[in-house]
Ligand SMILES: Cc1ncc(COP(=O)(O)O)c(C=O)c1O
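Residue numbers (the working numbering): 161 to 582.
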C-alpha cells in the first residue's frame with residue numbers, strides 16, 4: 161500500500177499527482193484494470209466468452225480504451241454510452257445495448273451502428289425495435305433480459321433480478337415473448353440475457369440465476385428458436401471493506417459445469433469488478449473542526465464527487481496519503497465533504513491521524529460508480545481523472561472550474577437588461 165512513505169498508484173506517488181493536478185482527483189491504475197480482465201480471460205480459457213465491460217461503472221474514454229485494447233467489448237445502456245464505446249475504439253460487434261427503456265433515436269443509432277445485440281426489457285420496447293428495424297430494412301439482433309426472480313443477496317437498491325423489480329421480462333412469460341419476437345419481421349431473436357444485481361459476493365445467487373437462464377434457453381431452442389448466445393450479465397462483487405469476492409475461477413467452473421454439452425456463445429458484463437479496486441479518489445483537508453462532541457475532517461471532495469456513501473451507505477476505506485509514523489496517535493473522526501447536505505458524510509468514527517488543512521487522503525476502491533455519478537451540485541471544482549500506467553500518467557479528464565461548468569448556460573434576452581423593478 162505505502163511505498164517510500166506515501167500511497168502510490170503503480171509507480172507514481174499520489175502526492176505527486178495531487179500536487180500537479182489538484183484535488184479532488186480520481187486516479188486509476190490501467191495495469192490493475194487489465195489484470196482483472198486477464199483473470200477473467202484466463203479463468204475462461206477453456207470456455208471462451210466475450211467480456212463486455214459495463215461502461216456505466218466508469219465511462220472515461222481512456223478507461224474503456226485500456227480494456228478494449230486487451231479484448232473487452234462494451235455493455236452500454238444508452239446511445240451516449242454507445243457513442244463513448246465507439247469513440248474509445250470498441251468495435252460495434254463487441255457492443256451490447258441494454259437499458260430499461262431505449263428511445264427510437266437510440267434504437268436507430270444502435271442498429272445503424274451494427275451493435276452485437278439489443279437486450280430487450282419489455283413488449284412495447286420490442287415493438288419499437290421491430291418498427292425501427294423494418295424502417296431501416298434490417299432485422300434487429302435481440303435478446304430478452306429475463307427476470308429470473310432470484311434475490312442477489314446484495315443491497316436492495318442494487319438488486320435487479322427479483323420479481324417486481326423494474327428490470328427485464330418475467331421468467332414465466334419469456335417463452336411466449338420469444339414466440340412473439342420470432343414472428344416479427346424486424347426482429348431476430350439471437351440470445352437470452354440476465355443480470356440480477358451488483359456487488360454480489362456469493363456464488364449461489366449467480367448459480368440460481370444462471371441455471372434458470374440456461375433452462376429457459378433450452379426450452380426456447382426446443383420450441384424451434386435457435387438462440388445462439390447467452391449473456392449472463394455482471395454483478396461480480398469487489399472488496400470495499402472485508403468482503404471476500406468470488407474468484408473468477410469459481411465463476412468459470414460454475415459456468416463450465418452448467419453449460420457442459422451446450423453449444424452457446426457466452427457474454428458477461430462486468431463493470432465494478434474490472435475497475436473499482438483499480439481507482440482511488442484523492443482529496444485534501446480543508447478544515448478540521450470539533451463540534452457537538454464530534455471531530456470532523458472536512459474535505460474538498462463531497463457527495464458531488466463520490467455519492468456512493470450518501471446514496472447506498474457504501475463504505476470506502478480512507479487513508480492518509482502520507483504514511484502515518486508507527487507511533488502516530490489515531491483519533492476517531494467523521495470524514496465529511498463540504499456540501500450543504502446532512503448526508504454528505506463519507507464515514508463516521510474513522511481512525512486517522514490528526515490531519516491538518518492541506519493534508520491529503522485517498523478513498524480506496526473508488527474506480528467504479530464514482531466519477532460517473534458526480535454532479536455540479538454546489539458548484540465546486542469537479543474532480544479531475546488521471547490514468548496511471550507503470551510510471552506514466554496522464555490527466556484523462558480535467559477538473560472543471562465552476563465557470564466552465566456554467567459556460568453553456570444562457571440568460572434569455574428578456575432578463576439580460578438591467579433590473580426591471582416592480
Ligand atoms: C444490465 C447490466 N449489466 C451489467 C451491469 C454491471 O454491473 P456490475 O458493475 O455490478 O458488474 C449492470 C449494472 O447495473 C447492469 O444493469
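Glycine is no exception: its CB is placed at the ideal position from the N, C-alpha and C atoms.
The model shown is predicted, which means the values in this text are computed figures rather than measured ones.
What's the gap between the Cα of residue 378 and the Cα of residue 418?
12 Å
Hey, is residue 277 close to ligand 1, as in C-beta under 7 Å from one of its heavy atoms?
no
With 16 as the cutoff for other CB atoms within 10 Å, does residue 129 come out buried or exposed?
Any answer about residue 129 is impossible in this case: the structure gives the chain only from 161 up to 582.
What residue does the alpha helix (DSSP H) around residue 379 start on, and which one ends it?
For residue 379, the uninterrupted alpha helix (DSSP H) run begins and ends at 364-382, by DSSP.
Give me whichever residues DSSP pairs with residue 341 in a beta bridge.
Note: residue 341 sits in no beta bridge, so no partner.
Name the one or two DSSP bridge partners that residue 510 has.
493
Could you name the residues of the same chain whose beta carbon sits closer than 6 Å to that of residue 361, not counting the 5 residues immediately before and after it, in chain order?
Taking residue 361 as the centre and dropping the five residues before and after it, the same chain places the C-beta of 397, 403 and 405 closer than 6 Å to its C-beta, in chain order.
Cβ atoms of residue 354 and residue 410: under 8 Å apart, would you say?
Cβ atoms of residue 410 and residue 354: not closer than 8 Å.
How many whole angstroms separate the CB atoms of residue 192 and residue 547, which I take to be in contact at a CB cut-off of 8 Å?
Between residue 547 and residue 192 the Cβ distance is about 11 Å, and since that is not below 8 Å, they are no contact.
Identify, in the order they occur along the chain, each residue of the same chain with its Cβ nearer than 6 Å to the Cβ of residue 261, setting aside the five sequence neighbours on each side.
none
How far does the beta strand (DSSP E) with residue 233 in it reach, from first residue to last?
233-236
When the Cα of residue 514 is compared with those of 348, 485 and 524, which residue comes out closest?
Check the Cα spacing between residue 514 and each of 348, 485 and 524: the tightest is with 485.
Looking at C-alpha atoms only, which residue of 518, 531, 498 and 522 is the closest neighbour of residue 539?
498
How close, in whole Å, do the beta carbons of residue 200 and residue 408 come, if the pair is a contact with beta carbons under 8 Å?
5 Å
Who are residue 450's beta bridge partners in DSSP?
Bridge partners of residue 450 according to DSSP: 455.
What does the Cβ neighbour count give for residue 346, buried or exposed, with the cut at 16 atoms within 10 Å?
buried
Checking the sheet assignment: what are the DSSP bridge partners for residue 307?
DSSP links residue 307 through a beta bridge to 330.
Please list the terminal residues of the continuous beta strand (DSSP E) segment that includes residue 563.
Not the beta strand (DSSP E): residue 563 falls in the alpha helix (DSSP H), residues 562-565.
Return yes when the C-beta of residue 358 is under 7 Å from any heavy atom of ligand 1, and no when it is not.
yes
Which value, in whole angstroms, describes the spacing of the CA atoms of residue 229 and residue 195?
13 Å
In angstroms, rounded to a whole number, what distance separates the CA positions of residue 387 and residue 424?
Inter-residue distance for residue 387 and residue 424 is about 8 Å (C-alpha atoms, whole angstroms).
For the structure I just gave you, are there three or more beta carbon pairs, one from the stretch 248-267 and one from the stretch 285-294, closer than 8 Å?
yes
With burial defined as no fewer than 16 other Cβ atoms inside 10 Å of the residue's Cβ, what is the status of residue 277: buried or exposed?
Residue 277 is buried by the Cβ-count criterion.
Where does residue 302 fall in DSSP's three states?
strand
Answer yes or no: the CB of residue 449 versus the heavy atoms of ligand 1, is any distance below 7 Å?
Residue 449 Cβ: outside cutoff for every heavy atom of ligand 1.
Let me make sure I understand the geometry here. Which of 385, 443, 512 and 293 has the alpha-carbon closest to that of residue 522?
443
Within 7 Å: the Cβ of residue 476 and any heavy atom of ligand 1?
no
Label residue 570 either buried or exposed according to how many other C-beta atoms from any shown protein chain fall within 10 Å of its C-beta, with 16 as the threshold for buried.
Residue 570 should be labelled exposed.
Would you check if there are 3 or more beta carbon pairs closer than 8 Å linking the stretch 446-465 to the stretch 204-219?
no
In whole angstroms, what is the alpha-carbon distance linking residue 372 and residue 415?
12 Å
Since residue 512 and residue 491 are thought to touch, with beta carbons under 8 Å apart, how far apart are those beta carbons, to the nearest angstrom?
7 Å
Looking at the structure shown, is residue 240 part of a helix, part of a strand, or coil, going by DSSP?
helix
Where does residue 416 sit, in a helix, a strand or coil, going by DSSP?
helix
Give, in chain order, every unbroken run of the alpha helix (DSSP H) that is at least 4 residues long and sits entirely within the stretch 209-234.
221-228
Return yes when at least one heavy atom of ligand 1 lies under 7 Å from the C-beta of residue 405, else no.
Answer for residue 405: no, Cβ out of range of ligand 1.
Exposed or buried, which one is residue 447 when buried takes at least 16 other CB atoms within 10 Å?
exposed
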